[in-house]
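As C-alpha cells, the structure follows; a few thoughts come after it.
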Amino acid sequence: GLFVTDYFTRTPRKLSPFRSFASIELFHFHIPEDTVIAVWNLITFKEQGGTFGDQCPDRSITVYFRSGAPSVINPLHTHFPRDTAVPGSFALTLTWTLPNRTTGVFNVTSPLPGDWFLAAHLPKDEGKISVKGLYEECQYLFQPQLIVQRLVNIAVLYPGHVTEQSMAPHNRSCLYKVFVPSYTSRVLVEVLRCRGTDGCPLWLRVRAKAPPLHNSTTLDCREHMPCQLAQDLPFWQHWYYVLVEKHPGVPGTISFQVTVQLTDCSRPSLARPPFLPSSASMNMPHSFGSAGGLALGDSPPPTNPNDTKHPVPIPVTSHAGERCWPVRPTLRNELDTFSVHFYIFFGPNVSVPPDRPAVFVINLLPVLDSGGVLNLELRLNVSSLCGENVTVFGCLNHEVPLTSGDNTSVTCETESLAGFLLSVNATASLSRLRIPYPQTGSWYLSLRSLCATEHGFEPCTNVTAEVYLRAYLSPCINDCGIYGQCKLLRTNNYLYAACECKAGWNGWGCTDNSEAFSYGFQLLSTLLLCLSNVMFVPPVAIAVRSHYLLEAAVYIFTMFFSTFYHACDQPGIVVFCIMEYDVLQFCDFLGSLMSVWVTVIAMARLQPIVKQASVLYLLGAMLLSMALQMDRHGLWNLLGPSLFALGIMAVAWTARTIRRRHCYPPTWKRWAFYLCPGALIAAAAVLLYAFVETEENYFYIHSIWHLLIAGSVGFLLPPRAKPSRRLGPLPRRKGCGYQLCVNEQEELGLVDPAVASINSICTS
1 GLFVTDYFTR TPRKLSPFRS FASIELFHFH IPEDTVIAVW NLITFKEQGG
51 TFGDQCPDRS ITVYFRSGAP SVINPLHTHF PRDTAVPGSF ALTLTWTLPN
101 RTTGVFNVTS PLPGDWFLAA HLPKDEGKIS VKGLYEECQY LFQPQLIVQR
151 LVNIAVLYPG HVTEQSMAPH NRSCLYKVFV PSYTSRVLVE VLRCRGTDGC
201 PLWLRVRAKA PPLHNSTTLD CREHMPCQLA QDLPFWQHWY YVLVEKHPGV
251 PGTISFQVTV QLTDCSRPSL ARPPFLPSSA SMNMPHSFGS AGGLALGDSP
301 PPTNPNDTKH PVPIPVTSHA GERCWPVRPT LRNELDTFSV HFYIFFGPNV
351 SVPPDRPAVF VINLLPVLDS GGVLNLELRL NVSSLCGENV TVFGCLNHEV
401 PLTSGDNTSV TCETESLAGF LLSVNATASL SRLRIPYPQT GSWYLSLRSL
451 CATEHGFEPC TNVTAEVYLR AYLSPCINDC GIYGQCKLLR TNNYLYAACE
501 CKAGWNGWGC TDNSEAFSYG FQLLSTLLLC LSNVMFVPPV AIAVRSHYLL
551 EAAVYIFTMF FSTFYHACDQ PGIVVFCIME YDVLQFCDFL GSLMSVWVTV
601 IAMARLQPIV KQASVLYLLG AMLLSMALQM DRHGLWNLLG PSLFALGIMA
651 VAWTARTIRR RHCYPPTWKR WAFYLCPGAL IAAAAVLLYA FVETEENYFY
701 IHSIWHLLIA GSVGFLLPPR AKPSRRLGPL PRRKGCGYQL CVNEQEELGL
751 VDPAVASINS ICTS
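This is the structure in C-alpha cells:
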C-alpha cells in the first residue's frame, strides 16, 4: 500500500508538581483513520533565568496516554469516591540523559483513530512557598510531537460480495476494511477458494476501528475449513479491518476470495442486502473507501477473470446475540458547560418487562463532553415487585448495547466486550455509577429484570419492575464537596474540569480524608493568623502618644484587614468573609506595605526639610496601589517602593550627619535599644517569610511574621518632639560665623518631652 506521513507538534509548556489534576498539563492530538503507527517524540528541557538550566536538579516526568478522553490518573494513590469507575491509561516516566535536555519515544502500533490526550506532570514537592522574583527558579518545559504513518486506498469490502485477491511471493499480507452500521449483531468474515502450494497457509485477523495486531482475533485457515471468523456484538458505526496474512516461509503465489456477511439484529433470520439505495440507508460515511472503490448506490461492476464481485448466499444461523430490541433515545438538555441532563421520553420512571430488556442510548458529543463526569442513577420502586425476589440489572456499554443471555446480563461481560454493571433489588434499591472523563459517542444502557432462584437468576414471569432512571453530565463529582473547588480548565480549544482540594483532603472528588485537617486544627490555625494581628495594638498606642495620628490610622487599617483577610483565606470550613476575597487581599497587602512606608518616612523626620510631608504619604499610597495592581505577588513591584522610602530616609539622615558633623541619631541609647533591635526583628521576619514558610507550616510561621513585623514597628517608630510653649526664640550671636543649635531632647529620643528640660548649645 501507499503510506502517508503526517507530523503534529504542540507548544512547549511549563510543568508543575502534581497536587491535583488541575496542576497537570494536558495536550490534545487527533489521529486520522487508517493509521498503522503513531510515534510520540517527548522533548523535555530545563530553563533557569532564560538560559539552559544545567544546575537544575533532575526531576522525573510522568506522561499519561489515553484515547478518546483525558486520563484519570492517581499518582498519589488516594481513594476515589464511591461508585466511581476508573478507566485505564498508559503511563511513561522520563529520566534525564543530558544535563539540560532529555527525550523519550512512545510508539503505538495501529492506534485507535480519533482524539488522543497526553497528561504530564512533575513529582509532588514539599510545598515550599517561594517569593516571586526572589531568585530564578528552575523551569521544566515539555513539548510532545506526533508522527503518524497511515495507509491510503485501503480496499473496501462490501457485505455479501466476494473480492478475489492474488498474493504475490514478495507480499506478506492484504488489508481490507468494512463498515458496520447500527443494529448489526454479527460480522462474519470468510476466506473462500484458497489455493496455495501447501493448502491454505493464511492467517485471518479482524479488529474494530484500527488495523489488526498480533493479539487481535485470529484464525488459522490451514487448521479451520471453512475459514470463517465471526464477531458477535460488533461496534456500531465503525470500520472493521480484515487482515489476511501469509505464513512465513511459504513460497509461490496464493489466490483466495474474501467475503463479509453482516447480520441485521432487527431481522435475525435475514442477512443485510448486498446493496442499498444510498449511503444513508447503511449509515455509512460518504467519504469512505479507496479511489477506485465501489460507491454505494452504484451497480456492481461487470465481472472479469481477475476481480470477480458478485452476491454470494451465506447461510445465517440463529445466535443468541442476533436479536436486538428497540433503542429508546434520550433528550439532551444543556444547562451549562459540562452540565447536561438526559431526559427519557415518558420518563423518568421506566418499566422493565420480564421478557425483554429496555435499552436506552445516551449520546455524548465529540470533544465537548469528555471533560466532565457521566453520572447514572437507578432507583427501584419496591412496591412494583409484588413481593417477588426481583433484581434489575443494568449494563452500560460504549458503542454497542449488551442485551443477550442471562449470564451476560448478570456479569455485563462477553469475550470481547466489558461494560459497567449496576443492580437494584428490594434490599438495595439505589445504585449509582460515575465515570470521570467518559469517552464520547453513544453509550447504551440495557435494563433486564431477573428473579433469583436456587439455580441462579432466571427470567421472571408476570412481574414488570419499575425503575427511576437519571442520567446527567456534571463538571466534577458532587461538585468536589465542601473541601474542594471545581475548576474549569482549558488547554488550547479543549475544556475540562477538575477538583482542587484543600484542608488536607485529597482524591478525585476531595473525599480522601487520610491527611485531612481536623476541625480543632482548622480553628487553631484561623485563630493564630487572626489574633496575631493584635500585636499591632502597641504600635498604635505608641503612635497616638507620640502624635503620629496618620501612622496610627494606617496601623489600624492594616490590623483590621489582615485579620479579616486571613479569616476569609482559610482552606477549611472555619471561614468568615465580610467582603469579597479579592478586596480583602488587596487591602491587606496595601496596608502592610503602607505600614512600612509611613514608618520609614516618619523615621526620616522630614518636617524641618519638607514642610508638606503629607505629599510623600500620598505619593506612597499611589505608588503602592499601582504596584499591587500590576502584580500582587511580584517581589520588585513590592520591594521597589519600600527601597525608595529607605532611600529617602538615608538621604535625610546623611544630610543631618553632614550638616552637624556628627552621626545621626547621635546617641548610642537610640541605636542600642531601638534601632538595632527593630532592624533585627524586621530582618528575621523577612527571612522567615522568604525562606522558611511552606504550606505545612504556613499557619504558625505566618503568625510569627505578624508578631515580628508589628513588634519591629514599635521599636523603629521615632518619638516626636513637642516644644515647650514657655520657650522663646533662641538668642543669636551677631557676627560673621555660623550658629549650630541642637535640641538634646530630640536627639536623645525621650518619649515625654514635658518631663525633660531643654538645653540649647550654640557653637560659633
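Position one of the sequence shown corresponds to residue 1 (the UniProt record's numbering), numbered consecutively onward. Every residue gets a Cβ at the ideal spot worked out from N, C-alpha and C, and that includes glycine. None of the values given here were measured: they were computed from a predicted structure.
Shortest alpha-carbon distance to residue i belongs to which of the options?
i    : options                : result
L646 : T599, C663, C476       : T599
Q439 : R448, L374, P401, D479 : L374
D232 : L364, I254, T414, G53  : T414
S216 : T197, V244, Q237       : V244
P181 : A91, Y158, Q139        : Y158
L680 : I709, R59, N425, Y343  : I709
A426 : L447, S384, H398, L445 : S384
V162 : Y176, H30, H238        : Y176
L151 : S110, D115, Y689       : S110
C499 : T51, D34, I73, T35     : I73
Y135 : Q48, N107, G620        : Q48
S20  : C486, L335, C221, S625 : C486
K209 : P87, I31, T453         : I31
D115 : L524, R490, L368       : L368
W325 : G640, S266, L618, W236 : S266
C138 : C221, F52, S431        : F52
L92  : H79, R448, I61, P99    : I61
L262 : Y183, H79, Y555, P226  : Y183
S712 : T526, F673, Q522       : F673
R632 : A452, C587, L380       : C587
Q522 : G484, H77, V574, G481  : V574
L15  : A120, N333, Y437       : A120
S525 : H224, L717, V242, H702 : H702
F393 : G387, T5, A452, Y437   : A452
Based on the DSSP output, what are the partners of residue i in its beta bridges?
i    : result
C227 : V191
E696 : Answer is none; E696 lacks a bridge partner.
V152 : L2
G441 : L364
M167 : I254
D336 : S339
H28  : F117
Who are the Cβ neighbours of residue i in its own chain at under 7 Å, not counting the five residues just before and after it?
i    : result
L433 : D83, A85, L376, L396, F420, L422
G372 : F338, L473, S474, P475, A497
L229 : V189, L204, V206, T217, L219
Y7   : I147
N513 : W505
H398 : Q439, G441, W443
P113 : I31, P32, E33, T35, K209, A210
Quick one: what does DSSP say residue i is sitting in, helix, strand or coil?
i    : result
S757 : Residue placement at S757 is flagged as unreliable, the pLDDT there being 40, under the threshold of 50; the coordinate-derived value follows with that caveat. Here S757 sits in coil by DSSP.
E551 : helix
G711 : helix
C530 : helix
L524 : helix
Q55  : coil
T667 : coil
G88  : coil
S182 : coil
C510 : coil
V382 : helix
I147 : strand
G394 : strand
V537 : helix
S23  : helix
W653 : helix
Y483 : coil
Which residues in the same chain have their Cβ closer than 8 Å to the Cβ of residue i, if we skip the five residues on either side of it in sequence?
i    : result
N304 : Here N304 scores only 36 on pLDDT, less than 50, and its place in the model should not be relied on; the value that follows carries that caveat. Within the same chain, N304 has no close Cβ partners at all.
S416 : T217, Q231, D232, L233
F3   : V36, Q149, R150, L151, V152
Leaving out the 5 sequence neighbours to the left and right, which residues in its chain are closer than 6 Å to residue i when beta-carbon positions are compared?
i    : result
L616 : I601
T464 : S351, P353
S642 : V596
V554 : M594, S595, V598
message: Check whether the stretch 138 to 147 and the stretch 42 to 50 are in contact - that is, three or more C-beta pairs closer than 8 Å.
response: yes
| Are the stretch 54 to 62 and the stretch 342 to 358 in contact at 8 Å, needing three or more beta carbon pairs? | no
- prompt: Counting Cβ pairs closer than 8 Å, one from the stretch 251 to 261 and one from the stretch 183 to 198, do we hit at least three?
  reply: yes
**Asked** How do the stretch 552 to 565 and the stretch 526 to 543 stand: do at least 3 beta-carbon pairs fall below 8 Å, yes or no?
**Response** yes
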